[in-house]
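Sequence positions in the sequence shown follow our numbering and run 28 to 475.
Where is the CB? At the ideal position from N, CA and C, for every residue including glycine.
Worksheet: one structure, shown below.
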Amino acid sequence: MLNIILKDMKLMLSDKKELAAIILMPIILTTILSFALSGSFQEVGSQWTMDIAIVKNYDLEQDQTAFRDFTKSMEERFGIKIDFGTNADNLFAEFNPEKIFFEDFLGNEEMKKFIRYTVATEAEAYELLENKHVSSIVILPNQYVYNAYINTFTTFRNNIDITVVSHPDMNYRRQITEEIISSFNNIMSSITLSKNVYLEKASDYMPLNEVIEELEDFVRAIGTEPAGVNVVLTDINQKNFINSFTYYSIAMMSMFILFSAGYGGKFILNEKIDNTYYRLMATGVDRRMIITGKFFMMFIMAIIQSIVLIIYSKLAFGINWINIPLLLLTILLSCLAVASIGVLIIALTIRSNSYKTSDAFSNAFVQVLALLGGSYLPLQILPKTVGQIGRLTPNGATLQTYIKILEGYGISEILPGLAVIMINIVIMLTLSGMMLKGGSSNDQSITA
């Protein structure tokens, strides 16, 4: 058995082209993806901040003038008096949608700890975004202030569409920005809802003229400081943050060890073509021993890949590979999963007597597993259904387990991921055994 394993390892290591593909390619891709998508991750240990650009496509004075003109028509229609005035004590000064957004909301002391904004023209904002000086652009639409007044002081409802444009490399920050703007919209909607309730209920007990006149005092009461925000920034159980270099080192390692699974089928076909396979069987070595040798060859090759990438990421990126016992356990199980997949490919190859199975796995199926498992994009960015499927794949479970280990979690938290890997091993070996059962009916010679 040992001689068979050594023979296969020697053959594998002698193929410089294949060796470069499974050793150098993950190193190259890790480096490229880590630098290219670093904006989507926060550096470990750094103070978390986010820069955005605000575009004001409205004119405050024009919007206020337009609303004054609108109120004049209301005064004539209903015979009421609405005095917004021009001094600092008037309603425009107390209820100013622009002030609410910039001072009360974004200017909140807690909010300022993690978000910084720059007011810019649309052209300037897009230039900042392209150069990654900001992660997102927030565009306040034309007549933003006017529509806010209409929604607050009348029974009409005008749509206010605040647009968020984000850099494609900064998806996490995009999601955070969208949530922040959504929370602001909810605050403003609550003011509108309160006003509508007031108008509906007050009109049952007071003349319309008095209801409208009292509306100013009501809005002052609910709208002076509508956007009080209390933000508490804490670490989740003081866990380590995963940056882009850490993530893609793990992601590429979880993906590229899969390629080792394709070599078992290729090697066994090569041996059948050059009759090595039949010479071994003639000396008393049965098919089970030959396949077991291939199993350990793929297992050892996957371990070598993992160790090389761990060492490279440690030296090149300074990644702190903590909790060595759990890391070793995950490496062993993930590499066993790869070897188990390899045995299934061997079984399919023996039944088909063709390279098509190995080639299809290496050229197509690995890429599908990589996408589903989060090797190219984090599962949090992908659709929820894709993420759920990805966590059940061997590479997806391996990736998520490594992440939890490096975040600082213990054995109890990584057990679900390890269980998924072990279930994959059992399924692959069971399917392989079923397909290989029945002697050597598929061991006929092959013509190259």
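According to DSSP, residues forming a beta bridge with residue i
i: I79; result: Y144 and S163
Exposed unless 16 or more other CB atoms sit within 10 angstroms - verdict on residue i
i: D188; result: exposed
i: G423; result: buried
i: A288; result: buried
i: M215; result: buried
i: E298; result: buried
i: R306; result: exposed
i: D42; result: exposed
i: S459; result: buried
i: L375; result: buried
i: V165; result: buried
i: M39; result: buried
i: P352; result: exposed
i: N270; result: buried
i: I127; result: buried
i: L419; result: exposed
i: F183; result: exposed
i: K293; result: buried
i: R315; result: exposed
i: A63; result: exposed
i: A329; result: buried
i: A391; result: exposed
Beta-carbon proximity of residue i to residue j, cut-off 9 Å
i: L426; j: S389; result: no
i: I295; j: I327; result: no
i: N174; j: N185; result: yes
i: S439; j: Y275; result: no
i: A397; j: I448; result: no
i: I331; j: I50; result: yes
i: G291; j: I372; result: yes
i: K34; j: G444; result: no
i: M455; j: R378; result: no
i: I142; j: T179; result: no
i: I277; j: N350; result: no
i: F94; j: Y171; result: no
i: K83; j: L155; result: no
i: N451; j: P410; result: no
i: T273; j: I346; result: yes
i: M282; j: P53; result: yes
i: L336; j: T57; result: yes
Straight-line Cα distance separating residue j from residue i
i: D78; j: S367; result: 47 Å
i: L220; j: F122; result: 16 Å
i: Y85; j: I207; result: 21 Å
i: T204; j: E149; result: 18 Å
i: I284; j: L442; result: 21 Å
i: H194; j: H160; result: 10 Å
i: M325; j: G369; result: 7 Å
i: K139; j: E130; result: 10 Å
i: Q415; j: A446; result: 15 Å
i: Y153; j: T145; result: 12 Å
i: E103; j: F97; result: 10 Å
i: D90; j: Y436; result: 54 Å
i: I430; j: L354; result: 10 Å
i: L406; j: S162; result: 20 Å
i: S385; j: F286; result: 10 Å
i: T92; j: E151; result: 28 Å
i: E136; j: S210; result: 17 Å
i: M280; j: A309; result: 39 Å
i: V393; j: S381; result: 19 Å
i: S333; j: I358; result: 7 Å
i: I59; j: L29; result: 39 Å
i: C362; j: P124; result: 59 Å
i: K383; j: K44; result: 20 Å
i: V453; j: I408; result: 30 Å
i: V191; j: Q202; result: 10 Å
i: F268; j: L404; result: 17 Å
i: G417; j: A147; result: 41 Å
i: T181; j: T428; result: 55 Å
i: K99; j: N212; result: 28 Å
i: A343; j: L360; result: 26 Å
i: P253; j: K341; result: Note that P253 scores 43 on pLDDT, short of 50, meaning its location in the model is unreliable and no value can be drawn from it.
Test: residue i CB closer than 9 Å to a CB of chain C
i: M101; result: Note that chain C does not occur in the displayed structure, where there is just one protein chain.
- Message: Ignoring anything shorter than 3 residues, give me the beta strand (DSSP E) runs that lie fully in the region 173 to 207, in order along the chain.
- Response: Correct list: 190 to 193.
- Item | Completely contained alpha helix (DSSP H) runs for the region 323 to 404, where each covers 4 or more residues | With a minimum length of 4 residues, the continuous alpha helix (DSSP H) runs that stay inside the region 323 to 404 are 351 to 379, 383 to 387 and 393 to 400.
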